[in-house]
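Below you'll find the structure, written out as C-alpha cells, and then a few comments.
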Amino acid sequence: MAIGTDSVVTIHYTLTDDAGTVLDRSEPGEPLAYLHGHGNLIPGLEKELTGKSAGETLSVAVPPAEAYGEYDEELVQSVPRRALRGIKDIKTGMRLHAQTPEGTRAVTVTKIIGDMVTLDGNHPLAGKSLHFEVRIEEVRPATEEELAHGHVHGPDGHHHH
Ligand code: ZN
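According to the working numbering, the sequence shown is numbered sequentially starting from 2.
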C-alpha cells in the first residue's frame, strides 16, 4: 500500500547536516515506526514520504522552514549567573528549562563570559537544512487504538508511554 494519512510506516533513516555529519540514524534492526499524517515527523520529510511504498528508498533535503524552523535571534538572551542559582556547574552545552512569560522553554547554554550566561531557546537543529536517506521497510494501516492515541503501538500491542 502507498503511504497516506493513518498509515503506520516503518523506516530506516540516516540524518545528516549540510556538511555530511551524521546527526541521527536508526539503529540496525531497530527501524523507526510512526503514524503518518499526525505530525510525528517534521513536515518536509512527511510530505516526501506520502504516496511511497515499502521497499522504496529516498533522499530528501529539507529546508529549515520545513524542519525545525529558522534560527531566531530573539530566542537568545544573556542572563547573570545569579539568575540560574540552584543549577550547579553551569557549562556550555547544558540543556536547561527556563521559565518565560510563554511557559517553560528548553534552552541551551551556548556561552559563559564572566558572570553572564547566554541561553539559546532555539531547537538545536533550528536554521539547519536536514538531509535524510530513508528506506521504507513496511507500510500498514493503523489500528483503531493507534488512531485514538495518535501514535504507534508495538508488535505485541502494548504501550511505550
Ligand atoms: Zn497508546
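Positions of the beta carbon are idealized from the N, C-alpha and C atoms, including for glycine.
task = Please find out if some non-hydrogen atom of the ligand ZN comes closer than 6 Å to the beta-carbon of residue 150.
result = Here residue 150 refers to the residue found at position 149 of the sequence shown. Within the cutoff, so yes.
message = Using CA atoms only, rank isn't needed, just tell me which of 111, 86, 83 and 48 is closest to residue 96.
response = Counting from one through the sequence shown, the residue named residue 96 turns up at place 95. It is 111.
ask   = So what's residue 42 in DSSP terms, helix, strand or just coil?
value = Against the sequence shown, residue 42 aligns to sequence position 41. Residue state, collapsed to three classes: coil.
query = Nearest to residue 46 by alpha carbon, out of 92, 124, 78 and 134?
reply = Numbered from 1 along the sequence shown, position 45 holds the residue referred to as residue 46. Taking only the C-alpha atoms, the option nearest residue 46 is 134.
query = DSSP on residue 20, reduced to helix/strand/coil?
reply = Taking the first residue of the sequence shown as position 1, residue 20 is located at position 19. Coil.
query = Can you list, in chain order, the residues of its chain whose CB lies under 8 Å from that of residue 143, leaving out five sequence neighbours each side?
reply = By 1-based counting over the sequence shown, the position of residue 143 is 142. Closer than 8 Å at Cβ, skipping near neighbours: 7, 8, 9, 36 and 153.
request  = Could you have a look at residue 82 and say whether DSSP puts it in helix, strand or coil?
outcome  = By one-based count along the sequence shown, residue 82 stands at place 81. Looking at residue 82 - three-state DSSP - the assignment turns out to be helix.
ask   = What is the residue span of the alpha helix (DSSP H) that residue 149 lies within?
value = Position 148 of the sequence shown, counting from 1, holds the residue named residue 149. Residues 145-150.
task = Measure the alpha-carbon distance for residue 43 versus residue 115 and round it to whole angstroms.
result = One-based indexing of the sequence shown puts residue 43 at position 42. One-based indexing of the sequence shown puts residue 115 at position 114. Using only the alpha carbons, I get a separation of about 38 Å.
ask   = Would the beta-carbon of residue 140 fall within 7 Å of that of residue 82?
value = As a first step, residue 140 is located in the sequence shown; it is residue number 139 there, counting from the start. As a first step, residue 82 is located in the sequence shown; it is residue number 81 there, counting from the start. No, the pair does not count as a contact, with Cβ atoms beyond the cut-off.
inquiry  = Among the candidates 122, 113, 94 and 93, whose CA atom is the shortest distance from the CA of residue 106?
reply    = Mapped onto the sequence shown, residue 106 falls at position 105. Residue 122 is the option with its Cα nearest to residue 106.
Limits of the beta strand (DSSP E) - the one that residue 101 falls within = For the purposes of this step, residue 101 is taken as the residue at position 100 of the sequence shown. Here the beta strand (DSSP E) through residue 101 covers 96-101.
inquiry  = Let me check one thing: in DSSP terms, what residues is residue 14 bridge-paired to?
reply    = Numbered from its first residue, the sequence shown carries residue 14 at position 13. DSSP, once it has assigned bridges, lists 135 as partnering residue 14.
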